[in-house]
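Residue numbers (our numbering): 68 to 209.
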């Protein structure tokens, strides 16, 4: 099992419930163990500003899934919860991103690890620092 950090956010509907539902669905995957969960942070929209505020959190997990299979599992949860693709940085019922995966660096058409924008986003860094003993300089460590 390898350690990964997952960033989660929502700004539609019952935001706290959305995060807890996503956590429950992730926890139901037998190849994923949830180790730690950050507090839920209220944050301002990033990118596209004219939308409701967000709730964000970060989860530390261990998984036997490959990075791409983990991404598929996250996208399946998003779809199951009713996420629809709209536009970049637009409103969403749930958004789940792989921030780091072990000490791996990966760049494919569908997945970049560590997440390339994580060090620019307080809504990722604050909850990540809350649950991690590691420094995430330049998104390169896990």
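Ideal Cβ positions, reconstructed from N, Cα and C, are used throughout, including at glycine. Model, not experiment: these values are computed from the prediction.
Span of the alpha helix (DSSP H), counted from its first residue to its last, around residue 142: Bounds of the alpha helix (DSSP H) holding residue 142 are 134-147.
Cβ distance (whole Å) where residue 165 is taken to contact residue 180 below 8 Å: Between residue 165 and residue 180 the beta-carbon gap is near 6 Å, inside 8 Å, which marks them as a contact.
Nearest residue (CA-CA) to residue 124, options 118, 136, 130 and 109: Sorting 118, 136, 130 and 109 by C-alpha distance to the C-alpha of residue 124 places 109 at the top.
Residue 69: first and last residue of the uninterrupted beta strand (DSSP E) it sits in: Residue 69: member of the beta strand (DSSP E) spanning 69-77, first to last residue.
Residue 137 to residue 95 span [Cα, whole Å]: Between residue 137 and residue 95, the C-alpha separation is close to 13 Å.
Proximity of residue 79 and residue 134 at Cβ, strictly below 8 Å: No, these two residues do not count as a Cβ contact at 8 Å.
Close beta carbons around residue 195, own chain, < 8 Å, minus the five adjacent residues each side: Around residue 195: 72, 74, 105, 125, 166, 185 and 203.
Buried or exposed (CB count within 10 angstroms, at least 16 for buried), residue 82: Classification of residue 82: buried, given that the 10 Å Cβ count is 16 or more.
Neighbour-count burial assignment, residue 163, 16 or more Cβ in a 10 Å radius: Residue environment analysis places residue 163 among the buried positions, since at least 16 neighbouring C-beta atoms fall within 10 angstroms of its C-beta.
Segments assigned alpha helix (DSSP H), at least 4 residues, entirely inside the region 157-183: Segments of the alpha helix (DSSP H) lying fully in the region 157-183: there are none.
Residue 103, enclosing beta strand (DSSP E) - first and last residue: From DSSP, the beta strand (DSSP E) with residue 103 extends over 99-104.
Buried or exposed (CB count within 10 angstroms, at least 16 for buried), residue 207: At residue 207, the pLDDT of 39 sits below 50, so the modelled position is not reliable; the number obtained from the coordinates is stated separately. By the neighbour-count rule (16 or more Cβ atoms within 10 Å), residue 207 is not buried but exposed.
Three-state secondary structure (DSSP) of residue 96: Assigned with DSSP and collapsed to three states, residue 96 falls in coil, not helix or strand.
6 Å Cβ shell around residue 103 - same chain, five flanking residues per side excluded: Within the same chain, 127 and 198 come within 6 Å of residue 103 by CB-CB distance, once the 5 residues on both sides are set aside.
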